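Peer 1: Residue numbers (this note's numbering), protein chains in the order written: chain A, 4 to 211; chain B, 4 to 211. Idealized CB from N, CA, C, for every residue including glycine. Model, not experiment: these values are computed from the prediction.
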DNA sequence: GCGGTGAACGCTTTATAAAGCATTCAGTTC
DNA sequence: GAACTGAATGCTTTATAAAGCGTTCACCGC
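1) Within 8 Å (strictly less), CB to CB, does residue 153/B reach chain A?
2) By the DSSP assignment, the alpha helix (DSSP H) with residue 146/A in it spans what residues?
3) Rounded to the nearest angstrom, what separates residue 138/B and residue 78/B at their Cα positions?
4) Using C-beta distances below 7 Å, list every residue in its chain close to residue 68/B, excluding the 5 sequence neighbours before and after it, in chain order.
5) Please go through the same chain and pick out, in chain order, the residues whose beta-carbon is closer than 7 Å to the beta-carbon of residue 129/B, but skip the five residues on each side of it.
6) Residue 28/A and residue 41/A - do their beta-carbons sit closer together than 8 Å?
7) Quick check on residue 5/A: does DSSP put it in helix, strand or coil?
8) So, under 8 Å CB-CB, residue 43/A and residue 53/A are touching, yes? Tell me the CB distance rounded to an integer number of Å.
9) Nearest-angstrom Cα distance between residue 188/A and residue 168/B?
10) Verify the CB distance criterion: does residue 56/A have a CB-CB separation below 8 Å to chain B?
11) I'd like the list of long-range same chain contacts for residue 95/B, defined as Cβ closer than 8 Å, with 5 residues on each side in sequence excluded.
12) Between residue 109/A and the rest of its own chain, which residues show a CB-CB distance below 8 Å, the 5 nearest in sequence each way excluded?
13) Select from 206/B, 45/B, 36/B the residue whose C-alpha is nearest the C-alpha of residue 22/B.
14) Since residue 98/B and residue 173/B are thought to touch, with beta carbons under 8 Å apart, how far apart are those beta carbons, to the nearest angstrom?
15) Identify the continuous alpha helix (DSSP H) that holds residue 32/A and give its terminal residues.
16) Around the Cβ of residue 11/B, are there at least 16 other Cβ atoms within 10 angstroms (buried) or fewer (exposed)?
17) Tell me whether residue 51/A sits in a helix, a strand or coil according to DSSP, three-state version.
18) Using a Cβ-Cβ cut-off of less than 8 Å, list which residues of the segment 161–175 of chain A approach chain B; keep chain order.
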């Protein structure tokens, strides 16, 4: 059983202290401007000792991003878990929240955004892992809807993947500039409407 | 009337010689490794004279990319113009060709790809212009289909925009690595199938 | 032996100087 | 006077040296 975004091996107390100290510095000064000596100093220990808890500086950064992402996954899962939502509302909630989270991270926590991007480039497998975690949330929604007959989905993982492709733009850096959020949001709505009509068509075609 | 990707003011003979010389160097060595002296030398003229035909080096590069893009637009238009194609086939041809063109440019003409990216970053308005040019091609397809009743489209530009959003992933740098082309192509197919079902649903809803 | 240290190593980033380049313009040619 | 030149200008890139940093490891205290 490998570790995933959701199921992390719990951290040693010392390891957590290191991660906390590093996180503060990463958020304020960024990855590059944070040194191992500083992190060690914050924890009242030597640099050498850091390596007893993390293999490298980049691994500390990965642990940091892993926390961010776990929190984000939790929020997404919470958004689609609200009682009384239709499938359509769940999908809309999912992708709107994702757009909002990316947008906010970019504009309000730029250091966290940069670090996240850097890790994704440096560790492609981590990016995959994260994409799979989101896919799992989507699959739960899709499978639940398929079970109640609200949706005609034969291959949930594949469908989730297709949805991720479709909404890729709304989770990428086209989100850069200020003042475009409302525009993106309304386009996202229109995209979802079209997708939804596609699902409706499939439902009436498969069970007329 | 402003110049667009399609309607370029025809170039002076000297200007064309400059652009041709610059293009050769851009393609072989890239933008940064090409100097104005070299371009001038290739044309048997002085550096100063280049500025009688182009305001700056970047403008030569823009003219170069403009050519590339005009050719690409021509190919896209040709693809959707083939006789006997249904709307669905036209849309599929359009986005598949676009995926192929981006992929090929990236892998087979990396210098051209880089230069294209650089211009898009340096001149956002050029990127907009290009997006509008593609939108126009899509709108022609959509409007023609709406006229024959093959498609229920009330706002063609908006719909074109939505389609561009949806297929954004297939025209961006997720296309980086080798061997993923077939995978992307099959995902593109699935996306188009879903979109198509959406259009079908709208047609039957608007004219039952 | 477990938790911890800090000097030593080699790579990377930065500071600084040198070189190269895009751009300009007074002047030349025809 | 329209087409063109090439040396002068100042900004940008590169080459090089110096400083800084991540990482290791032989060595302590308990």
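Peer 2: A quick look at the data gives this:
1) Residue 153/B does not count as touching chain A.
2) 127–151
3) 14 Å
4) 118, 119, 122
5) 65, 122, 123
6) yes
7) At residue 5/A, the pLDDT of 43 sits below 50, so the modelled position is not reliable and the matter cannot be decided from this model.
8) 6 Å
9) 12 Å
10) no
11) Here the set comprises 192, 195.
12) Contacts found: 116, 176, 178, 179.
13) 45/B
14) 6 Å
15) 16–32
16) exposed
17) Three-state result, residue 51/A: helix.
18) Residues of the segment 161–175 of chain A whose Cβ lies closer than 8 Å to any Cβ of chain B, in chain order: 161, 164, 165, 168, 169, 171, 172, 173, 175.
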